């Protein structure tokens with residue numbers, strides 16, 4: 010009896026801790042809607058996500074939607090920012106460490122032609138192939154806040 014109560018307590022504790030985890034959630038492509046423009050998220054190369062300090066996730070169909078939403082953010086503070094690595098569709102990476110490319114030859118869902126890359130080398134390769142201008146996180150926000 011003691012062992013059963015102890016086991017149940019451990020399971021409840023484990024579930025409780027996992028429910029409080031502060032990290033990105035998987036994006037359900039073709040089902041989740043963008044928290045900024047309300048369009049369905051379908052593009053695995055341009056999605057983004059914010060995790061607040063309270064653990065709430067906000068998902069976006071395009072990086073530009075997340076950047077624009079952050080301009081007038083009035084919810085609990087954003088704790089973590091993620092963007093999809095264009096070179097690895099569906100893989101989220103830290104937005105503040107990513108490199109960005111705006112190229113008219115790489116369309117994004119909301120028309121800003123904005124893509125993110127976890128690897129600076131991959132960003133450089135894409136720029137060589139498609140042209141455009143590269144940015145880091147701070148430069149990108151300055152461009153969108155003009």
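Residue numbers (the working numbering): 10 to 155. Backbone N, C-alpha and C fix where the C-beta goes; we use that ideal spot for every residue, glycine too. On a predicted model such as this, the values are computed, not experimentally measured, just so you know.
Each residue's CA atom was taken as its position, placing residue 54 and residue 96 some 8 angstroms apart. When DSSP states are grouped into helix, strand and coil, residue 96 belongs to the coil group. Non-local beta-carbon contacts of residue 124 in its own chain, meaning distances under 6 angstroms to residues more than five positions away in sequence, involve 95, 110, 115 in chain order. Around the beta carbon of residue 108, a 10 Å sphere encloses 16 or more other beta carbons of the protein chains shown; the residue is thus reported as buried. For the 7 angstroms CB-CB criterion, residue 40 and residue 66 do not form a contact. The criterion of a C-beta distance shorter than 7 angstroms is satisfied by residue 86 and residue 62. Between residue 44 and residue 118, the gap from beta carbon to beta carbon reaches 7 angstroms or more. For the pair residue 72 and residue 57, the Cα-to-Cα distance works out to about 5 angstroms.
CA-to-CA, the gap between residue 154 and residue 50 works out to about 24 angstroms.
Exclusion of the five residues before and after residue 100 leaves 93, 94 as the residues of its chain whose Cβ lies within less than 7 angstroms of its Cβ. At least 7 angstroms separates the beta-carbon of residue 122 from that of residue 134.
Residue environment analysis places residue 32 among the exposed positions, since fewer than 16 neighbouring C-beta atoms fall within 10 angstroms of its C-beta. The DSSP-derived three-state label of residue 153 is helix.
Note: residue 79 is not bridge-paired with any residue in the DSSP secondary-structure output.
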